[in-house]
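Position one of the sequence shown corresponds to residue 0 (numbering that gives the first Met the number 0), numbered consecutively onward.
In this text, a Cβ means the ideal position worked out from N, Cα and C, and glycines have one as well.
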Amino acid sequence: MNTEQHRTADPRHRATLRWIVAIATAALVFDGYDLVVYGTVVPVLLRDPSQIGTLTVGQAGALGSYALVGVMVGALTAGAVGDHIGRRRVMLTGIVWFSIAMGLSAFATDITVFGALRFLTGIGVGALVATVGALIAEFAPPHRRNVYNAIVYSGVPAGGVLAALLALLASDGDGWRMLFLFGAAPLVLLLPLALLRLPESPKWLLARGHAVRAREVSERTGVPLPDTTPSEAEPRAVEEKTKVGFAALATRRYALPTLLLGLMSSSGLLLTYALNTWLPEIMGQSGFGKSYALLFLLTLNGGAIVGGLLASRSADRLGPKRVIATTFVLAAAALSLLTLGVPLGVLLALVAVAGVGTIGTQVLIYGFVSHYYDTVARAAGVAWCAGFGRLGGIGGPLVGGALISAGFSPRHAFYIFAGVAVLGALVTCFVPRRATESAAVPDASVPGPLTSGGASVLAHD
């Protein structure tokens, strides 16, 4: 048993990790719920002008993108402040902000107000998405980080499944308002638990010079403090340790990988948001009724959950980069095959594989990014991935809306999405080997450049 396994045997650490995983997962369930619930109500809003006014397909795509612009703003803002004020404060603020904006969206009666509230909701979502990866990376044992990240970020497709199920039960007309009102539930269900059970990261506290508080949190939670002795193998990290947050991302050490990781995330999120927003409408145009169209949405997100968890185990063994490139290729293949006239069972299986290669791939990307950076740049790195990646997410609903408005068939839309997946796979292959944890604040399990088993920490790229 290695050092980290001994340390995680502390029951206080295990209990703390369970609470953090539960709270972070629940927060992202509502992120995924917000992502998919809009796609489920688009057909109602398009066909019933009495809800928020007369809505064209192009406007519907724009409304879908407003939330994503908000996510980008929220993620980048969280990244700018998260490495300075801590993970806990950003998480709590994101839960409150998201819940209030989501609840108010249920009462919107015109397109302008609804669009503004979608933007504000996105800010809260972005803060959560950008923070939970950094939080998990600093509490989870390194040899299990991809699995824990997959569990937490699988909350996104799980929220999508929840939204699709509730949409099946919702009545036409004003029923969509109750779906949005349900999105405010974290304010009363999740926030109290987060206030009581979500600690600040001892590693972040130590990195920011709060040694006394770091020891106090470590003793209370059982989370081990990292060895702060600089390693001779990490001179460049020592030289750059004064760079914090986004400033660290601009250093020679991180500049190129940061750009490539952002492009990976952009590809994954374009596919995620495009399919979650337009899949019901595309399948409706292909002759499937409402129930079948939502079934495809359930299958897409359900496949992402199961496939993402399985792929994360492979990522811990083989390295996340190799697995991510593979799942992007799977997405391209599945989306291309969706254009064929195949039986319903085969069609559903292809949609599930597409879910693994799109939403599931994005889950793996967040895990990859969250431990690519060291502590002083981790929140900024995940925020960049979530924020810059939202440029692709913003384009997803717009591209889908533009294709449908222009009269393109579902076949052409799927071919374009498959091309994006191929691009994501190519970008992934060029990401450099992972930078080691900063010498100032190394991983708790990494006393030097080698793990206890003698394998390089860079071996799992």
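query                                                                                                       : result
With 16 other Cβ atoms within 10 Å as the buried cut-off, status of T271                                    : buried
K242, enclosing alpha helix (DSSP H) - first and last residue                                               : Here K242 belongs to no alpha helix (DSSP H), and DSSP marks it neither H nor E.
The stretch 271 to 283 touching the stretch 389 to 398, judged by at least three CB pairs closer than 8 Å   : yes
At least 3 beta-carbon pairs within less than 8 Å: the stretch 160 to 174 vs the stretch 83 to 102          : no
Backbone CA spacing between V345 and L337 [nearest angstrom]                                                : 9 Å
6 Å CB neighbourhood of A424 in its chain, flanking five on each side removed                               : A324, F327 and V328
Anticipated Cβ contact below 8 Å, I22 with L194, distance rounded                                           : 10 Å between Cβ atoms; not a contact.
Distance, I415 Cα to L397 Cα                                                                                : 13 Å
Nearest-angstrom beta carbon gap, V243 and H142 [assumed within contact, 8 Å]                               : Actually they are not in contact, since the Cβ atoms of H142 and V243 sit about 27 Å apart, beyond 8 Å.
DSSP state of F97 mapped onto helix, strand, coil                                                           : helix
Given 8 Å, three or more beta-carbon pairs between the stretch 22 to 32 and the stretch 366 to 381          : no
contact_flag[the stretch 112 to 130, the stretch 206 to 216] where n(CB pairs < 8 Å) is 3 or more           : no
Spatially closest choice to N300 from V350, A332 and A254, by CA coordinates                                : V350
beta-carbon D33 near the ligand MG non-hydrogen atom, thresh 6 Å                                            : Absence of the ligand MG is noted for the structure shown, with no ligands found whatsoever.
Straight-line Cα distance separating S104 from F463                                                         : Given that the chain is displayed from residue 0 to residue 460, the structure contains no residue 463 and the question cannot be resolved.
7 Å Cβ cutoff met for R11 and G221                                                                          : yes
Expected contact under 8 Å - CB spacing of F413 and L363 to nearest Å                                       : About 22 Å separates the two Cβ atoms, so there is no contact after all.
Integer Cβ distance of V36 from G154, believed to fall under 8 Å                                            : With a Cβ gap of about 15 Å, V36 and G154 do not count as contacting.
Cβ distance (whole Å) where A376 is taken to contact L294 below 8 Å                                         : About 42 Å separates the two Cβ atoms, so there is no contact after all.
Contact set for L91: own chain, Cβ-Cβ below 8 Å, skip 5 residues either direction                           : L190, A193, L194 and L197
Bounding residues of the alpha helix (DSSP H) (the contiguous stretch that carries Y272)                    : A254 to Q284
Status (buried if at least 16 other CB within 10 Å, exposed otherwise) for P342                             : exposed
Residue from A77, T39 and L45 with nearest C-alpha to W383                                                  : A77
Alpha helix (DSSP H) runs wholly inside the stretch 77 to 142, at least 4 long, in chain order              : 86 to 104 and 110 to 138
CB contact flag (A74, A385, <7 Å)                                                                           : yes
Three-state secondary structure (DSSP) of S313                                                              : helix
Outcome for G302 when other beta-carbon atoms lying within 10 angstroms are tallied against a minimum of 16 : buried
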